[in-house]
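Chemist: Got a structure for you, written out below as structure tokens; questions coming shortly.
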Amino acid sequence: MADKRKYVIPGDVITTGPFRPEQNVILDGDKIISTTIGISEIYDDSVKVIPLTGMYIPKIDDLVIAKVNSHTSLSWELDINSCYVGFLPAQDVFGRDFSAHADELSSKLKTGDLVAARIANFDRTRDPLVTISDRDLGQIDSGELVEISPSKVPRLIGKRGTMIQMIEMATDAAITIGQNGWVVVSCESPEGLLKAKKAIKMVNEQAHIVNLTDQVKEMLELKGES
Amino acid sequence: MASVSVLNELRKTQILELLEQGKRVDGRALDEVRELSIEVNAIPKANGSARIRLGDTEVICGVKIQPDRPFPDTGDKGLFICTAELLPLSHPTVETGPPQPPVIELARVTDRGIRESHMIDVSQLVIEKDKSVIGVFADNVVVDYDGNLFDACSYAATMALLTSKTPKWNWTDEKPVIAEGEDTQLPIMTIPVSVTMAKIGSHIVVDPNGDEWACMDARVTITSDSDGNICALQKGGSDGFTLDEIVKCGETSVKIGAQIREKLKAAQQGGQ
Amino acid sequence: MGGRDATMVLLDENGIRCDGRKIDEPRRIMIRAGGLKNADGSAYIEFGDNKILVGVFGPRDVHPKHMSNTDTGILRVRYHMEPFSVGERKNPAPSRREIEISKVIKEALEPAVMLEKFPRTAVDVFIEILQADGGTRCAALTAASVALADAGIPMRDMVAAIASGKVADTIILDVNNEEDQAGQADMPIGYMPSAEKITLLQLDGVLTPEEYKKCVQVGVDGCKLVYELQKKALNDKYFGKKGD
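As you go down the protein sequences, you meet chains Y, S and R in turn. So the first sequence is numbered by numbering that gives the first Met the number 0: it starts at 0 and just counts up by one. So the second sequence is numbered by numbering that gives the first Met the number 0: it starts at 0 and just counts up by one. So the third sequence is numbered by numbering that gives the first Met the number 0: it starts at 0 and just counts up by one.
Here you go:
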């Protein structure tokens, strides 16, 4: 259970003592110091900071929305909204019998296409390996791409999914959230689409306010507004 | 402008589909300009300045007025020089270094729009014929990019020049010396306003935003003056316009230009 | 009473400076975090009549590739003045002064930014001086630190900066343009408040050893004041009204 949450900025001393430094925290002598803007959490034997800003750093198993940048005859290069570029090998899409001579990559995915993908493997010495071979993954052919700050994704999902479910039910939209801050929104009605986009934008811009869920709920319930 | 990042195919398809229905991705009408916000005197130490936000595109123009030597063949005219620079903080794809052709085009088109309209009567900017004249420098810097830098720079420069204040200089002992007295407005003859239209497929949209700019096939920027006359024009992009389209664009630019001109005049009153 | 320019009164008999300030009083400072749509992080600062905008991108790919470092990310800083930012219009091309200041600011930020976490990438800091009035490099460094934090770039500490100096044989805090031109010494200082390290330090002018010690101390104390405003700027944007 986390203790005493505190707002911190880089350089702030969170606490002193024999704690293990976890995410976004460093140990200097016996001082535990934050390296980012966020909320610090002190556990029994460790300290971490939940960041409120910053670019997406891939984690294994993350679901991401990606954009095809280019391809060679053996793989695609995907923009995953990070300084690291996603690497999608041809076998992932064509299967084991892939042949560079026979199979043309652009027949399946071409530059500019959007996909829902998963980070299969990643360490910082090389670019992340990406896969789209599960049932819920693959090319996205409808819906609009909305960009939010990756650090706001947990807020958009909400505790046990409450925020995103509220938005989906109020607007009849289907929303796919990438951990990398890219979100795809599809909706039959243009009004529902605009409202869903507005709700997502609200969470992105006002993640720090206390009663955000109520505010978003109120906005969604307004009739005829867009 | 800058080599724009890969616009996702989905977005491009959406833009075209909506246009088929007479709509745009941000809900605007085809001939509707984005929200225009004008801040006068943004840089108080400059002789004149304006900060313009056109949607999410933001441009600051600062005007410096100082004595200078005239050009050899026009000793009876002051100098007017207008530049534009795309700052690297305006978009991740902008590189530092000497300006690329699109930015040079932006600077020259903005300059011509104002120069050809004769907005400033440079014959009134002479301190001593053939020896010393007043130089008016309008420098635009783009601070945030979301399409249509041509119009944003045009409005920023026009606004900055409209609200500029200049001292008077006298020729004394073979050099220009600042004279006593209040600063005055520049000799303004007209208010030029540019309107840029993009052709996407067979549709023409006014004031393209960043996404529309990335997928347009051609564009045209048309500048008109306070009398409703067209004084400068630049076509760009790899496709072409039909004669009818270009004529219609001319009419649209004068009509919308008049609306923008009222906004600029209102901001001028507010700032003074 | 003055320095190089005998006609300007830089400190009167009541200890008041040419712009009405007391000797340890900084100019009005306002810092705002964020504001640019496309930059990964940004900040805007008004320091007296200085108006400075900073945009940050990164960590991002380095081009050309040979400039990247396999062990650590690199920091690139560009300090640039707009043509309309100074008294006489400045040519847009980078001057030697701008290039030197870019380097000095880069070296003031490097101890704070955790570049080793992002090998083969670059963090770009773009500083644009919209209006200049003495002490631009300190104001720029202060804003750059806020913009880096706004971008979420991991940092060991913030870096705050201000210039101390000497006019009329008196050590002062926050040297303005007139004092820089006509005074006896100008010492810009950049300081990491948590780590207690000075990361930017320059001096123009002549100081006795005692004056030197006092000048540095006054400058460091001034940096601590500036740091409080950096905190406020980040609090206002990220923590709403509830910040510490």
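The C-beta atom is built at its ideal place from N, Cα and C for all residues, glycine as well.
1) What residue does the beta strand (DSSP E) around A121/R start on, and which one ends it?
2) Using a Cβ-Cβ cutoff of 8 Å, what residues of the stretch 7-18 of chain S are near chain Y? List them in chain order.
3) For P207/S and G142/Y, I'd like the C-alpha separation in whole angstroms.
4) Can you list the residues of chain R that P50/Y reaches, using a CB-CB cut of under 8 Å?
5) Return helix, strand or coil for A1/S, following the three-state DSSP convention.
6) CA-CA distance, K116/R and V24/S?
7) For the beta strand (DSSP E) containing A107/R, name the first residue and the last one.
8) Quick one: does R123/Y have its CB under 8 Å from some CB of chain R?
9) So within the stretch 94-130 of chain S, which uninterrupted beta strand (DSSP E) runs reach at least 3 residues, ignoring any that extend past its ends?
10) Can you tell me which of the three DSSP states E143/Y falls into?
11) Whole angstroms is fine: what's the gap from Q268/S's alpha carbon to C214/R's?
12) Which chain Y residues are close to P118/R, counting only those with a beta carbon under 9 Å from its beta carbon?
13) Since T157/S contacts I221/S with CB under 8 Å, what's their CB separation in whole angstroms?
14) Would you list, in chain order, the members of the stretch 46-60 of chain R that have their beta-carbon closer than 9 Å to a beta-carbon of chain Y?
15) Got a sec: is the Cβ-Cβ distance from E76/Y to anything in chain S below 8 Å?
16) Answer with yes or no whether the minimum CB distance from I59/S to chain R is below 8 Å.
17) Under 8 Å between beta-carbons, which chain R residues line up against Y144/S? List them in chain order, please.
18) Using a Cβ-Cβ cut-off of 6 Å (strictly less than) and excluding sequence neighbours within five positions of P91/R, which residues of its own chain qualify?
19) Just to confirm, is the Cβ distance from L88/S to A38/R under 8 Å?
20) Under 8 Å, CB to CB, which of the residues in the stretch 124-140 of chain Y have a partner in chain S?
21) Once DSSP output is grouped into helix, strand and coil, what is the label at D78/Y?
22) Just mark N234/R as buried or exposed, buried being the case when its beta carbon has 16 or more other beta carbons within 10 Å.
23) Does any CB atom of chain S fall closer than 8 Å to the CB of M218/Y?
24) At 8 Å on the CB atoms, spell out the chain R contacts of V12/Y, in chain order.
25) Using a Cβ cut-off of 7 Å, pull out every chain Y residue sitting near D156/R, in sequence order please.
26) Indicate the three-state DSSP secondary structure (helix, strand or coil) for L200/R in the structure shown.
27) Is F18/Y near the ligand ATP, judged by its Cβ being under 7 Å from some heavy atom?
28) Which bits of chain R does V62/S rub up against, with CB to CB less than 8 Å?
29) Would you mind sorting S188/Y into buried or exposed? The rule is 16 or more other CB atoms within 10 Å of its CB.
30) Could you tell me the boundaries of the beta strand (DSSP E) in which P58/R lies?
31) Report the residue from L129/R, T135/R, A143/R whose alpha carbon sits nearest the alpha carbon of V142/S.
32) How many angstroms separate the CA atom of V24/Y from the CA atom of R155/R?
33) What would DSSP say about H79/R, mapped onto helix, strand or coil?
34) Please list the residues of the stretch 173-207 of chain Y that have a C-beta atom closer than 8 Å to any C-beta atom in chain R, keeping them in chain order.
35) Helix or strand or just coil, what does DSSP make of F149/S?
36) Buried or exposed for A265/S, please, with buried defined as at least 16 other CB atoms from any protein chain shown within 10 angstroms of its CB.
Modeler: If we stick to the structure as given:
1) 120-130
2) N7, E8, L9, R10, K11, Q13
3) 22 Å
4) G151
5) For A1/S, the pLDDT reaches just 32, beneath the cut-off of 50, and the residue's location in the model is therefore unreliable, although a value from the coordinates is still provided. Note: A1/S maps to coil in three-state DSSP.
6) For K116/R and V24/S, the distance between alpha carbons rounds to 39 Å.
7) Here A107/R belongs to no beta strand (DSSP E); instead the alpha helix (DSSP H) covers 95-108.
8) yes
9) 125-127
10) In the structure shown, the three-state DSSP call for E143/Y is strand.
11) 48 Å
12) R123, T124
13) Actually they do not touch by this definition, with Cβ atoms about 15 Å apart.
14) G57, P58, R59, D60
15) no
16) So yes, I59/S belongs to the interface.
17) N37
18) P82
19) Cβ distance < 8 Å, so L88/S and A38/R count as in contact.
20) The residues in question are I139, D140.
21) In the structure shown, D78/Y sits in a strand (DSSP, three-state: E or B).
22) buried
23) no
24) S193
25) P9, G10
26) strand
27) The ligand ATP is not part of the structure shown, which contains no ligands of any sort.
28) Within chain R, the residues near V62/S are F83.
29) exposed
30) 49-60
31) L129/R
32) 9 Å
33) strand
34) H207
35) F149/S: helix per DSSP, three-state reduction.
36) exposed
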